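First residue of the sequence shown: 1, per UniProt numbering; consecutive thereafter.
We put the beta carbon where it would ideally sit given N, CA and C, even for glycine.
This structure is a prediction, so every number in the text was calculated from the model and none was measured.
Working notes for the structure below.
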Amino acid sequence: MPDPNGFLRYPRRVPARRPVPVRISDWREVYPPAGEELIREQAARCMDCGIPFCHSDTAGCPLANRIPDWNDLVRTGNWDAAVESLHATNNFPEFTGRLCPAPCEAACVLGIAGGDPVTIKQVEVEIADAAVARGLTPRPVPPPTGRSVAVVGSGPAGLAAAQQLARAGHAVTVYERDDAIGGLLRYGIPDFKLEKRHIDTRLAQLTAEGVQFRTGVNVGVDITAEQLREQHDAVLLACGALQGRETDTPGRQLRGVHQAMAHLVAANRVVAAAGEGRPALAVLADGTPIDAADKHVVIIGGGDTAADCLGVAHRQGAAGVHQLDLYPQPPRARDEARDPWPTWPWILREYAAHEEGGERVFAVAVQEFVDDGTGAVRAVRIAEVTVEKRDGRRILTVVPGTERELPADLVLLAIGFEGTEEQPLLAQFGLARNARGAIDSRADWQTGSDGVFVAGDMHRGASLIVWAIAEGRAAAAAIHTYLGGVGALPAPVHAASRPLAV
1 MPDPNGFLRY PRRVPARRPV PVRISDWREV YPPAGEELIR EQAARCMDCG
51 IPFCHSDTAG CPLANRIPDW NDLVRTGNWD AAVESLHATN NFPEFTGRLC
101 PAPCEAACVL GIAGGDPVTI KQVEVEIADA AVARGLTPRP VPPPTGRSVA
151 VVGSGPAGLA AAQQLARAGH AVTVYERDDA IGGLLRYGIP DFKLEKRHID
201 TRLAQLTAEG VQFRTGVNVG VDITAEQLRE QHDAVLLACG ALQGRETDTP
251 GRQLRGVHQA MAHLVAANRV VAAAGEGRPA LAVLADGTPI DAADKHVVII
301 GGGDTAADCL GVAHRQGAAG VHQLDLYPQP PRARDEARDP WPTWPWILRE
351 YAAHEEGGER VFAVAVQEFV DDGTGAVRAV RIAEVTVEKR DGRRILTVVP
401 GTERELPADL VLLAIGFEGT EEQPLLAQFG LARNARGAID SRADWQTGSD
451 GVFVAGDMHR GASLIVWAIA EGRAAAAAIH TYLGGVGALP APVHAASRPL
501 AV
């Protein structure tokens, strides 16, 4: 029975971040662990609502996490049961607790009329860390079914599906084109948000449960789709949505103007090498250096990727950073007329990286990347803009007389993604990207190619990590049925599931 007065007795509190001067000198996570007293107090704020919107797949968590259950278990100090309850619906809570923007909190009943929601995300990560501290016990390997599945891509969708299928007795092999498992988690997310030891701990569990991993294998190049189908009874494509959105702004071709993900991957590889005692430089695949040290950096975009670039630039020693956002500054609190509870609100989101420095500039658009005369960028020319939506289209109007230049030695485009990358495996499986750059599926998660399934960002477009894991689990359930598996695996979402929108 929950504490009926917990939300009245305790205000919302989260652990204090590590001091800025300390944390920008290293790559460790920004947040220290919360003490047990704090986290039990915060869990006590949960009211165990009769209709808990926090784990509704349309408004809150698509994984259907049993949030009120494990909140109360934490409140009463029953950590073992909390660990079990959390893992019943979420394969990787240590990832989601650190990386998800928490739509569950936006849908918390305490948030109605501007109240402070339960710190669900913080409770989740503390339960996950408690599980690791107690030892992640691998599930016993079940009797083999004699059926084999190839999972292409090792991000959260692919790994979740792999674990679910291995626990059902199928032989699972995960193929990853990079040199390490983890997909975007490994080289796309900075360590100050997710230290890679969390990935390695979970991979050890998956390996013990029978999942096989093959790195450095680019399906469609190193092994053909036909060969993959000959070796496996089913294939799951979970290759993500890494095609960065481009711009036709004049000067895009100048040296020093890059996609944001190129910068993040290069920086994360340096951090990984340092952890292994290997010297490394931040370079692109072709060897071009890409480092913010002593540079004036301009980041274009206002989302998570832009904030990640901002934090990386601080740690690399940038001379100064501007982050540009096309839209006006959002309000600090939910506008109920625009975004009624429990929808995801348009509000000002201030990440840890913003506390560390840099200047945010709202309602501006880049008019030109300015050449220094040698083919390299020296500045960006911006102008204030107004943005209107007409008939579903975005109309930009430049405000006359507002143009100015910002110094720029490094420009990073963090303006979103356009779906999964065009790659040889698509044609080999007889598949094509749709208008959103994603791969369509039927209701049973199969693509137009029999026995070939798709899940995660590759299926729905760039989205939240909770949706990737939910889709991975649901696709695994469909594959299990396709292979004639006994019983049914949990399927938290349907192939056509979408979050609630106004």
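Burial state of residue i (16 or more Cβ within 10 Å)
| i | result |
| --- | --- |
| His198 | buried |
| Asn5 | exposed |
| Val321 | buried |
| Asn434 | exposed |
| Asp325 | buried |
| Thr397 | exposed |
| Arg139 | exposed |
| Gly419 | buried |
| Leu488 | Per the sequence presented here, residue 488 reads as Ala, with Leu not at that position. Classification for Ala488: exposed. |
| Thr305 | buried |
| Asp308 | buried |
| Thr96 | buried |
| Ala285 | exposed |
| Glu105 | buried |
| Tyr187 | buried |
| Val399 | exposed |
| Asp74 | The question names Asp, but residue 74 is Val in the sequence shown. With 16 or more other Cβ atoms within 10 Å, it is buried. |
| Val377 | buried |
Cut-off 8 angstroms between Cβ atoms - residues of its own chain near residue i, not counting five sequence neighbours on either side
| i | result |
| --- | --- |
| Arg66 | His55, Ser85, Leu86, Ala88, Thr89 |
| Glu356 | Val20, Arg23, Ile24, Leu310, Gly311, His314 |
| Tyr10 | Glu41, Gln42, Ala44, Arg45 |
| Ala337 | none |
| Arg12 | Gln42, Arg45, Asp116, Pro117, Val118, Thr119 |
| Ala102 | Ile120, Lys121 |
| His232 | Ser148, Val149, Ala150, Thr173 |
| Val217 | Tyr175, Glu176, Arg177, Ile223 |
| Arg269 | Tyr187, Ala280, Ala282 |
| Gly451 | Arg229, Asp233, Ala234, Val235, Tyr482 |
| Pro142 | Arg167, Ala168, Gly169 |
9 angstroms Cβ cutoff met for residue i and residue j
| i | j | result |
| --- | --- | --- |
| Thr215 | Asp191 | no |
| Val149 | Ala59 | no |
| Glu388 | Ile395 | yes |
| Leu302 | Arg360 | Sequence inspection shows Gly at residue 302; the Leu mentioned does not correspond to that position. Contact: yes. |
| Asp3 | Ala34 | no |
| Thr173 | Glu94 | no |
| Phe429 | Ala241 | no |
| Ala495 | Ser441 | yes |
| Ser497 | Pro62 | yes |
| Gly456 | Ala238 | yes |
| Thr119 | Val14 | yes |
| Leu410 | Ala273 | no |
| Ala162 | Ala414 | no |
| Val123 | Arg98 | no |
| Val493 | Leu406 | no |
| Ala491 | Gln446 | no |
| Pro424 | Gly220 | yes |
| Ile300 | Thr386 | no |
Beta-carbon proximity list for residue i, same chain, < 6 angstroms, skipping 5 on both sides
| i | result |
| --- | --- |
| residue 503 | Limits of the chain in this structure are 1 at one end and 502 at the other, which puts residue 503 out of reach. |
| Ile112 | Trp341 |
| Ala160 | Asn91, Ile469, Gly472, Arg473 |
| Glu176 | Ser154, Thr215 |
| Asp69 | Ser85 |
| Asp294 | Ala319 |
| Val486 | none |
| Val502 | Bear in mind that the predicted position of Val502 carries a pLDDT of just 48, short of 50, making it too unreliable to give a figure here. |
| Arg28 | none |
| Gly317 | Ala293 |
| Asp129 | none |
Other residues of its chain near residue i: CB distance less than 7 angstroms, five sequence neighbours each side excluded
| i | result |
| --- | --- |
| His347 | Residue 347 is actually Ile in this sequence, not His. Cβ neighbours of Ile347 beyond the five flanking positions: Pro330, Pro331, Arg332, Ala333, Arg334. |
| Leu203 | Ile181 |
| Phe7 | Arg45, Met47, Leu110 |
| Ala16 | none |
| Val466 | Cys61, Pro62, Leu63, Thr96, Cys100 |
Requested in this report: For the region 158-169 and the region 195-212, state whether three or more C-beta atom pairs, one from each stretch, are separated by less than 8 angstroms.
Outcome: A contact exists between the region 158-169 and the region 195-212.
Query raised in the report: Between the region 118-136 and the region 372-390, are three or more C-beta pairs nearer than 8 angstroms?
Result: Result no; under three Cβ-Cβ pairs closer than 8 angstroms.
Query raised in the report: Should the region 221-239 be regarded as contacting the region 146-163, the criterion being three or more beta carbon pairs within less than 8 angstroms?
Result: Three or more Cβ pairs drawn from the region 221-239 and the region 146-163 lie within less than 8 angstroms of each other, which places the two stretches in contact.
Query raised in the report: Which runs of the beta strand (DSSP E) fall wholly inside the region 470-499 and span at least 3 residues, in chain order?
Result: If we require 3 residues or more, the region 470-499 turns out to have no beta strand (DSSP E) run fully inside it.
Report task. List in chain order: all unbroken beta strand (DSSP E) runs of 3+ residues lying wholly within the region 157-200. Result -> Here the runs fully enclosed are 171-176.
**Report entry** At least three beta-carbon pairs within less than 8 angstroms, the region 248-263 to the region 366-373
**Finding:** The region 248-263 makes contact with the region 366-373; the number of CB pairs closer than 8 angstroms reaches 3 or more.
Query raised in the report: Could you give the uninterrupted runs of the alpha helix (DSSP H) lying entirely in the region 412-443, keeping only those of 4 residues or more?
Result: With a minimum length of 4 residues, the continuous alpha helix (DSSP H) runs that stay inside the region 412-443 are 424-428.
Report task. Mind listing, in chain order, the continuous alpha helix (DSSP H) runs of no fewer than 4 residues lying wholly within the region 22-102? Result -> List check, alpha helix (DSSP H) in window: 36-43, 67-75, 79-87, 93-99.
Query - Ordered list of beta strand (DSSP E) runs contained in the region 293-336, each at least 3 residues - result: 296-300, 320-325, all fully within the region 293-336.
Query raised in the report: Unbroken beta strand (DSSP E) runs of length 3 or more, entirely within the region 229-274: which are they?
Result: The qualifying runs are 234-237, 257-259.
Requested in this report: Run through the region 119-159 for me and flag every whole alpha helix (DSSP H) of 4 or more residues, listed as ranges in chain order.
Outcome: Taking only runs of at least 4 residues, the alpha helix (DSSP H) segments lying wholly in the region 119-159 are 120-134.
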